[in-house]
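Worksheet: the structure to be examined is printed underneath.
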């Protein structure tokens, strides 16, 4: 039983991590607090639904098609909407305020478009809802897939960021954009790429999540906030931190559900989050800001 | 600045008024509603409530308008979005009444918002035909606000009906004495589970598992596991649509097959049968549909044509019936005299998709199914005992892949 | 006190007197709108009282607003009204002091999300308590308090928050806070007890939020955690204050009034496309009014001179 609970906690945590990874890139590297993050996830979920029920295409193909579109879209959003704010911002604080306001507006626009297209009703479909037996415990294939992808993306990006030239540039921007510029790194392009990559990741998460969660056009904010909690807990800009934080939250949620009281699951996750911050104000793997 | 704001406001209000005031006496009927088009309530509102409003208006207009006295008057609709917020809902209702001067109001979605606007409906004397609120305070509320009608009933009604069914099954030896129950931590789930706790134990059942879970829980497998381990062969969940979907899917994945599986809101949604196909067989929930009722069948067909999806098999038909009652009450009164309309609603008998309806103390009496079960692809009413009642199928058929 | 300040105070007194007559002049709907504006004025001003000088962006507004609303829901039928407000104040002081002491060492976005997490934690705990201890969720509040009375109470609260803000601006505390906001390390070295100053201000600001919630609650008949702890309130306050400008005491109100009216207009005019409209307006505002409306006003005042 313990193993089964652990397994379901890990899959849930994997989903949280997957949902948060794009945001940690967007916030950690591009330094944009993107409040419209979750809307993109829901948009991708709608796209997957449309693929599946409208065109009868396997949502896994959606996983190949949707993220590149989201990448392009996010890139455009960064260049058109965000860059002017970055250029005009005198301080990091000013940029933070501006990006909160602008992406808050964007949140409403994307949500409004989805409401106009699909209305506020709930949507869901069944895909890969088949049980897999792992050492006697049962787990749903679609949820396991989300976990595996989270791990794959986390490790892949980690390697990409540490082992490639572009990755090194992106990391340099994350650490210190001014210094990065001095060593001839194109900060703007690196930021735009990181932002767009974050968009592609959240779209992938949206496609996967749509296979097992019921969603509607208003649900984006829920994911944005969950992602923010994971990102902050893991340490801004740190993919492994997001993975660890996601897993901790998932495990805590399911352990508390079984061993304490399911009514306290969310209270426990927030309590853990607050505790972690009190002990490590910069997050689990975050760098100290001062 | 505030002064300027108020001036601005008065100016827009005056403009709105000038635009909206009827030229002569009554040449149209203005109906206003504020409903959750955004926010957490939007999911429920746009499945169960808004389609009924739109459909009824279309139907009435197709007949040439709303019959008031000897004329048929066109309907003008004014709709606002309350953003799932009590304060906004209240203000929108005040605006509809005092600025837009609507003749009639439709209620918002859900228990919380119906209560928030209750005092305003009462103060201005508008009938409030709430059909998306389940509250045990309904009889008190109807007394406090005689203009308010609580058509969806009380938690106790549902629980009594369910307990009656379970008791019969147990006495026939089809199920054991243990029940596993979970409920969502929201007014709906807690009211119902509270009533059920008492109802079940009074009927001699034992609650082998009894927990609540917060709104927004995304993995219900731990609860399913615990229910499974509790050994109970009856599973009752007072859940909301996203959880109802997840409970069904995760139960299937876990091969959790209780003999009775009762789930909450969402089982009657068209997408439920669409998503789970043959696996819906035997699942029970609130609401239900009559197999032999040509009226509701026609209603469902019309709904499908207009919105590309069928109605919710719980509240939807009651909502449409409430609008038909309002329509007939106006016709009988012969003018937009709201006090007389309320009186007529309280005492009259109405011909609706549900059949003949006569309210008692502003509530329906056995006019609709409290408990239903998916049988051969149809969500059939199995309680209370009334004409056309189906026989519940126990045990629930095994999951198919 | 300079002549200019005396004039300002006199003008403010006249404005308050006029505003106090609002319930006598406007209908129910106008009064509701006025209540909405005044309540957000108190919330946004209280918010920037703390967040303006310290630069801590807080999303915990609704935690305190909700605590106030719940205090009313629990006690309004059994206790005298002033006592209810007193209890709400006491609870918020305790909670805010604990939170303030433990969290103010967080910085930047960590504090933002922490404050959001805090609000959600409080909501979850209240829910759990109600479900498992009182066995009901959703409290009925039947209190004989009229809309006009609610409005006057909020107006009094608004006057109080402005008075305190004005006083802080001129006090040693205000000076200390500005120093902290500019550079906390320097401030600490010059002998300012930064922690104490920040916690004091945090507590003060949350008391106003709590009282707003307590005063507003009787309007809704029914209170449940989703209604009392609606995170939209935190975000709305944040946006209104930032738009108005947090570096002037009168800044937030300049954000509250136009935004509240704009929301109202868009909700009525575009009930089905409210989100899109409001989003576009936001984006436009960010580009056109980079320094908040207070900055715009100041710029306009300075230019001719």
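Protein chains in written order, with the working numbering: chain A, 1 to 290; chain B, 1001 to 1401; chain C, 2001 to 2305. Glycine included, every Cβ here is placed at the ideal spot set by N, Cα and C. Values in this document were obtained by computation on a predicted structure and should not be read as measured data.
Is the beta carbon of residue j closer than 8 angstroms to that of residue i?
i	j	result
residue 2234 of chain C	residue 2059 of chain C	yes
residue 19 of chain A	residue 227 of chain A	yes
residue 1398 of chain B	residue 1165 of chain B	no
residue 1135 of chain B	residue 1219 of chain B	no
residue 1184 of chain B	residue 1239 of chain B	yes
residue 1159 of chain B	residue 1199 of chain B	yes
residue 2051 of chain C	residue 2251 of chain C	no
residue 2096 of chain C	residue 2166 of chain C	no
residue 1205 of chain B	residue 1111 of chain B	no
residue 2236 of chain C	residue 2068 of chain C	no
residue 2073 of chain C	residue 2135 of chain C	no
residue 1280 of chain B	residue 1374 of chain B	yes
residue 2262 of chain C	residue 2281 of chain C	yes
residue 2041 of chain C	residue 2158 of chain C	yes
residue 66 of chain A	residue 47 of chain A	yes
residue 1031 of chain B	residue 1077 of chain B	yes
residue 202 of chain A	residue 62 of chain A	no
Could you pull out every residue in the same chain whose Cβ sits closer than 7 angstroms to the Cβ of residue i, ignoring the five residues on either side in sequence?
i	result
residue 1043 of chain B	1241
residue 2225 of chain C	2123, 2126, 2127
residue 1278 of chain B	1400
residue 1267 of chain B	1244, 1283, 1285
residue 211 of chain A	59, 127, 128, 142
residue 187 of chain A	173, 177, 180, 181
Have a look at residue i and residue j and give me their C-alpha separation to the nearest angstrom.
i	j	result
residue 2148 of chain C	residue 1090 of chain B	15 angstroms
residue 89 of chain A	residue 2290 of chain C	9 angstroms
residue 1273 of chain B	residue 1248 of chain B	11 angstroms
residue 2162 of chain C	residue 54 of chain A	57 angstroms
residue 2038 of chain C	residue 2008 of chain C	20 angstroms
residue 2076 of chain C	residue 1323 of chain B	37 angstroms
residue 1202 of chain B	residue 1288 of chain B	25 angstroms
residue 1370 of chain B	residue 1309 of chain B	23 angstroms
residue 1346 of chain B	residue 1028 of chain B	25 angstroms
residue 1024 of chain B	residue 1104 of chain B	Note that residue 1024 of chain B has pLDDT 46, beneath the 50 cutoff, so the model's placement of it is unreliable and the number below is only indicative. The alpha-carbon atoms of residue 1024 of chain B and residue 1104 of chain B are separated by roughly 19 angstroms.
residue 1325 of chain B	residue 1052 of chain B	13 angstroms
residue 2 of chain A	residue 257 of chain A	12 angstroms
residue 167 of chain A	residue 236 of chain A	16 angstroms
residue 122 of chain A	residue 2299 of chain C	48 angstroms
State buried or exposed for residue i, treating a residue as buried only when at least 16 other CB atoms are found within 10 Å of its CB.
i	result
residue 2035 of chain C	buried
residue 1066 of chain B	buried
residue 1022 of chain B	Reliability fails at residue 1022 of chain B, whose pLDDT of 45 lies under 50, so the model's placement of it is uncertain and the value that follows must be treated cautiously. Exposed.
residue 2286 of chain C	buried
residue 206 of chain A	buried
residue 2142 of chain C	exposed
residue 2189 of chain C	exposed
residue 1335 of chain B	exposed
residue 1328 of chain B	buried
With a CB to CB cut of under 6 angstroms and the five nearest residues on each side skipped, what residues in its chain are close to residue i?
i	result
residue 1367 of chain B	1354, 1357
residue 2053 of chain C	2177, 2178, 2181
residue 1145 of chain B	1118, 1122
residue 243 of chain A	17, 154
residue 124 of chain A	214
residue 250 of chain A	9, 12, 13, 16
residue 107 of chain A	35, 36, 39
residue 2249 of chain C	2165
Residues in the same chain with beta-carbon distance under 8 angstroms from residue i, minus the five sequence neighbours each way, listed in chain order, please.
i	result
residue 170 of chain A	29, 161, 190, 193, 194
residue 1157 of chain B	1370
residue 1174 of chain B	1259, 1394, 1395
| Secondary structure, beta strand (DSSP E): runs of 3+ residues fully inside the region 242 to 286 of chain A | For the region 242 to 286 of chain A, not a single whole beta strand (DSSP E) run of length 3 or above is found.
| task | Run through the region 2056 to 2109 of chain C for me and flag every whole alpha helix (DSSP H) of 4 or more residues, listed as ranges in chain order. | result | Taking only runs of at least 4 residues, the alpha helix (DSSP H) segments lying wholly in the region 2056 to 2109 of chain C are 2061 to 2075, 2081 to 2103.
| message | List, from N- to C-terminal side, the alpha helix (DSSP H) runs of 4 residues or more that fit wholly inside the region 81 to 107 of chain A. | response | Entirely contained in the region 81 to 107 of chain A, the alpha helix (DSSP H) runs reaching 4 residues are, in chain order, 83 to 88.
| task | Would you mind listing the alpha helix (DSSP H) stretches within the region 1264 to 1351 of chain B that are 4+ residues and don't spill past its ends, in chain order? | result | 1270 to 1276, 1294 to 1307, 1315 to 1333, 1338 to 1347
| Fully enclosed by the region 126 to 164 of chain A, which alpha helix (DSSP H) runs are 4 residues long or longer? | 141 to 163
| task | Mind listing, in chain order, the continuous beta strand (DSSP E) runs of no fewer than 3 residues lying wholly within the region 1015 to 1089 of chain B? | result | 1029 to 1035, 1066 to 1068, 1071 to 1073, 1075 to 1081
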